[in-house]
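The sequence shown begins at 182 in my numbering and counts up by one. Only one structure is covered here, and it is reproduced in the block below.
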Amino acid sequence: MQSHSTRISQCSPRQRRFCVAAAWTLLPCLACLLWAARANSTAAAQVAEQTRAFTIASDTLSLEAPAGWQRVQPKSGIVETEFSIPAADAGVADQIGRMTVMGAGGSVTANVDRWYGQFSQPDGSSTKEKAVTKTLKLAGCSVTLVDLSGTFKDMPGGPFAGGKSIDRPDYRMLAAIVETPKAGNYFLKFYGPGKIVAAHADGFRTMVEGMVAAGK
182 MQSHSTRISQ CSPRQRRFCV AAAWTLLPCL ACLLWAARAN STAAAQVAEQ TRAFTIASDT
242 LSLEAPAGWQ RVQPKSGIVE TEFSIPAADA GVADQIGRMT VMGAGGSVTA NVDRWYGQFS
302 QPDGSSTKEK AVTKTLKLAG CSVTLVDLSG TFKDMPGGPF AGGKSIDRPD YRMLAAIVET
362 PKAGNYFLKF YGPGKIVAAH ADGFRTMVEG MVAAGK
């Protein structure tokens with residue numbers, strides 16, 4: 182069998198000139214394809230970066246979700262913004278975390294007490310006694326941070342939709358209640374399997390503590 186180089190050497194000068202000309206003609210096309218692929222990749226990265234940013238309180242406060250969090254269509258009509266949080270451990274790849282953002286009424290104390298009631302402890306102890314809360318001043322707003330864990334009574338349709346709850350053991354929730362001066366209270370709740378929440382806990386806190394007035 183003749184090699185490729187042998188077959189080319191047997192071509193006539195005219196055929197070789199044609200091959201060279203064809204190669205030079207194709208080079209710009211290949212360069213354009215490479216440039217387009219890089220441009221598309223850059224554009225996709227920019228879109229992903231933009232979708233991480235969101236606002237609350239009638240667009241007066243701005244936050245940015247951690248890298249890797251995927252913005253999704255809210256499952257409930259009362260949720261303004263929702264993110265899906267991937268598992269950091271391949272062992273729980275079929276599980277995800279969820280963060281919802283919404284405005285709602287009720288005092289901070291009333292809402293936190295309601296969250297306590299959504300978690301139970303395997304040993305029967307008080308969720309409230311195990312919870313960790315902290316209040317910060319961010320972007321001119323009082324922000325209450327709450328850290329809860331235990332068996333979570335999940336209401337897939339939302340807290341006001343009714344229906345049967347689902348017990349989810351070893352769950353954790355990190356929440357922030359932002360008290361805005363004109364738009365009322367806003368609630369950011371990140372919850373899911375304990376391992377997923379633990380892996381993204383620093384990212385959630387960085388997001389909340391990085392809240393600024395929109396446009397800054």
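In this text, a Cβ means the ideal position worked out from N, Cα and C, and glycines have one as well.
Beta carbon of residue i nearer than 8 angstroms to that of residue j
i: F333; j: Q299; result: yes
i: F368; j: A379; result: no
i: V327; j: A312; result: yes
i: V282; j: T308; result: no
i: V293; j: T314; result: yes
i: R244; j: M354; result: The question names Arg, but residue 244 in the sequence shown is Leu. Against a cut-off of 8 angstroms, the Cβ pair of M354 and L244 comes out as no contact.
Cα-Cα separation, residue i to residue j
i: L242; j: V393; result: 6 angstroms
i: G373; j: T206; result: 56 angstroms
i: V324; j: H381; result: 19 angstroms
i: A395; j: P303; result: 43 angstroms
i: A291; j: K376; result: 28 angstroms
i: S301; j: A234; result: 34 angstroms
i: G286; j: P255; result: 19 angstroms
i: K318; j: E390; result: 9 angstroms
i: G384; j: G305; result: 31 angstroms
i: Y297; j: Q251; result: 28 angstroms
i: E310; j: R295; result: 14 angstroms
i: R386; j: K345; result: 31 angstroms
Contact set for residue i: own chain, Cβ-Cβ below 6 angstroms, skip 5 residues either direction
i: I347; result: D335
i: M280; result: F264 and F371
i: Q227; result: At Q227 the pLDDT is 42, less than 50, meaning the model places this residue with poor confidence; the figure from the coordinates comes in the next sentence. There are no such residues.
i: D351; result: G375
i: T232; result: R252
i: R349; result: F333 and D335
Neighbour-count burial assignment, residue i, 16 or more Cβ in a 10 Å radius
i: G278; result: buried
i: A246; result: buried
i: S330; result: buried
i: I414; result: Absent from the structure is residue 414, since the part of the chain shown begins at 182 and ends at 397.
Residue i (DSSP reduced to helix, strand or coil)
i: K309; result: helix
i: T223; result: Here T223 scores only 41 on pLDDT, less than 50, and its place in the model is too uncertain to base an answer on.
i: G384; result: helix
i: K370; result: strand
i: V378; result: helix
i: E390; result: helix
i: Q251; result: strand
i: D240; result: coil
i: A234; result: strand
i: G298; result: helix
i: V289; result: helix
Cβ-based neighbour list, residue i, same chain, cut-off 7 angstroms, excluding 5 preceding and 5 following
i: P399; result: Nothing about residue 399 can be read from this structure; the chain reaches only from 182 to 397.
i: V253; result: E263, F264 and S265
i: A320; result: L242, M392, V393 and A394
Own chain residues within Cβ distance below 8 angstroms of residue i, not counting five before or after
i: A364; result: I237, A238, S239, T241 and G284
i: T361; result: I237, A238, T241, L242, C322 and Y367
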